[in-house]
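Following: one structure in structure tokens, then a few remarks.
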Amino acid sequence: MHRVAVLWLPPVVGFDATIAPTLFGSATDERGAALYEVTTCAVTAGPVPATTGFAMLPAAGAEALAEADTVVIPGTRYPPARVDGALEPEVVAALETIRPGTRLVSICTGAFVLAAAGVLDGRPATTHWRHADALRTLYPRVRVDENVLFVDDGDVLTSAGLAAGIDLCLHIIRADHGARVANDVARYCVVPPWREGGQAQFIDHQLPVTDQASTAATRQWALAHLGEELTVQVLARHAHLNARTFNRRFRAETGEAPGSWIRNRRLDRARELLESRDLSVDEVARLSGLGTGGNLRHHLRRGVGMSPTSYRKVYQGVQGRV
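What the sequence shown shows, in full-length UniProt numbering, is residues 1 to 322, in sequence order.
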């Protein structure tokens with residue numbers, strides 16, 4: 001059982017505080033058994049005040065950190081990290097009990113806590129776009145990137161603001177247990193299993209409206225036809241736009257070129273097939289639109305660092321057909 005400790009530092013952002021317990025707590029295997037043991041904790045006893053007029057009672061004290069395989073720090077307005085740049089001694093002592101090799105995760109302004117602890121020095125990281133400049137100024141050794149939903153730097157992962165914490169937790173679940181488990185959690189939480197584009201689209205301009213001028217309907221259609229030829233011309237015709245206009249709008253709405261977006265969705269589909277069905281590599285490649293087994297092997301190695309057979313063994317637990 002993978003143990004997750006969620007550390008609430010006051011005043012904690014209430015929305016952020018519930019993301020990790022909800023998503024990790026909803027992840028189950030094919031028999032319905034829980035895949036994570038999630039514990040909320042705090043450094044001090046009693047309810048932890050939130051930023052929006054209520055308080056929450058953690059299930060444990062700081063001792064839970066020493067037993068965790070993953071520690072999550074949700075968004076917080078905790079002044080020592082957000083203003084002073086130095087943590088209180090009791091918080092420092094609590095963080096020092098975390099075992100080496102434990103995965104560290106922050107949601108939103110939880111990145112300030114990791115930065116104050118020195119964890120993010122020299123590393124790429126993100127936070128809510130509104131607070132990115134403050135993080136950059138207070139902790140100049142952190143390589144802040146506000147134009148992404150989350151940053152996976154191996155054993156340290158950070159997310160942008162609020163709902164981006166959902167994207168990061170789904171990413172972690174997908175990395176730990178595969179696309180099927182992550183998709184089931186997303187379905188339960190009624191959220192998309194992946195989100196298009198980066199955070200920059202929310203800063204610079206309004207979200208695109210799903211109307212005749214949007215490429216949203218064509219993207220949805222493409223997901224149902226990944227095994228077919230999907231050139232820019234084909235997609236543009238479906239959207240009733242010329243190729244140049246379609247390409248421009250597609251990039252504005254997703255943050256990706258059409259070809260890159262299609263390739264990534266095909267790889268997602270291939271991973272789902274490898275996890276859930278006993279098909280040959282060539283058949284998986286055909287159904288996902290990647291063409292040949294060699295092409296699938298190439299993209300899977302680039303994307304996740306494994307061959308199709310190795311990927312199936314890891315996530316399905318059987319020797320895949322080649």
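The beta carbon of each residue, even a glycine, is placed where N, CA and C say it ideally should be.
Checklist entry - How do the stretch 28-44 and the stretch 60-69 stand: do at least 3 beta-carbon pairs fall below 8 angstroms, yes or no? => result yes
Item to check | Nearest-angstrom Cβ-Cβ length linking residue 114 and residue 172, presumed shorter than 8 angstroms | outcome: About 16 angstroms; that fails the 8 angstroms criterion.
Next on the checklist: What does the alpha-carbon distance come out to for the pair residue 20 and residue 292?
Outcome noted: 38 angstroms
Checklist entry - Taking the alpha-carbon positions, what's the residue 57 to residue 153 distance? => result 31 angstroms
Checklist entry - Taking C-alpha atoms, which residue in 185, 279, 122 and 131 lies nearest to residue 156? => result 122
Checklist entry - How should residue 242 be labelled, buried or exposed, when 16 other C-beta atoms within 10 angstroms of its C-beta is the threshold for buried? => result exposed
Next on the checklist: So within the stretch 40-93, which uninterrupted beta strand (DSSP E) runs reach at least 3 residues, ignoring any that extend past its ends?
Outcome noted: 70-73
Item to check | Sequence-distant residues of the same chain with beta carbon closer than 7 angstroms to residue 145, five excluded per side | outcome: 124, 126 and 151
Next on the checklist: I'd like to check one pair, residue 142 with residue 166: are the Cβ atoms closer than 9 angstroms?
Outcome noted: no
Item to check | Integer Cβ distance of residue 109 from residue 128, believed to fall under 8 angstroms | outcome: 6 angstroms
Checklist entry - For residue 210, does the count of other Cβ atoms within 10 angstroms reach 16, so buried, or fall short, so exposed? => result Reliability fails at residue 210, whose pLDDT of 46 lies under 50, so the model's placement of it is uncertain and no value is given.
Checklist entry - Is it true that the CB of residue 26 sits closer than 9 angstroms to the CB of residue 184? => result yes
Item to check | Which residues DSSP lists as bridging residue 152, in chain order | outcome: 157
Item to check | C-beta atoms of residue 17 and residue 64 nearer than 9 angstroms | outcome: no
Item to check | CB-CB length for residue 230 against residue 270, believed under 8 angstroms | outcome: The Cβ separation is near 15 angstroms, so there is no contact.
Checklist entry - Can you give the Cα-Cα distance for residue 54 and residue 8, rounded to whole angstroms? => result 13 angstroms
Next on the checklist: Can you tell me whether residue 137 is buried or exposed? The criterion is at least 16 other CB atoms within 10 Å of its CB, across all chains shown.
Outcome noted: exposed
Item to check | Inter-residue spacing [alpha-carbon to alpha-carbon] between residue 15 and residue 294 | outcome: 44 angstroms
Item to check | Length-filtered (4 minimum) alpha helix (DSSP H) runs lying within the stretch 247-299 | outcome: 258-276 and 281-288
Next on the checklist: Bridge partners for residue 38 per DSSP, in chain order?
Outcome noted: 4
Checklist entry - Tell me, which residues are paired with residue 12 by DSSP? => result 50 and 76
Checklist entry - With distances taken between CB atoms, is the gap from residue 284 to residue 296 smaller than 9 angstroms? => result yes
Checklist entry - So what does DSSP say about residue 130, is it helix, strand or coil? => result helix
Checklist entry - With a cut-off of 9 angstroms, does the C-beta of residue 61 fall near any C-beta of chain C? => result Among the protein chains of the structure shown there is no chain C, as only one such chain exists.
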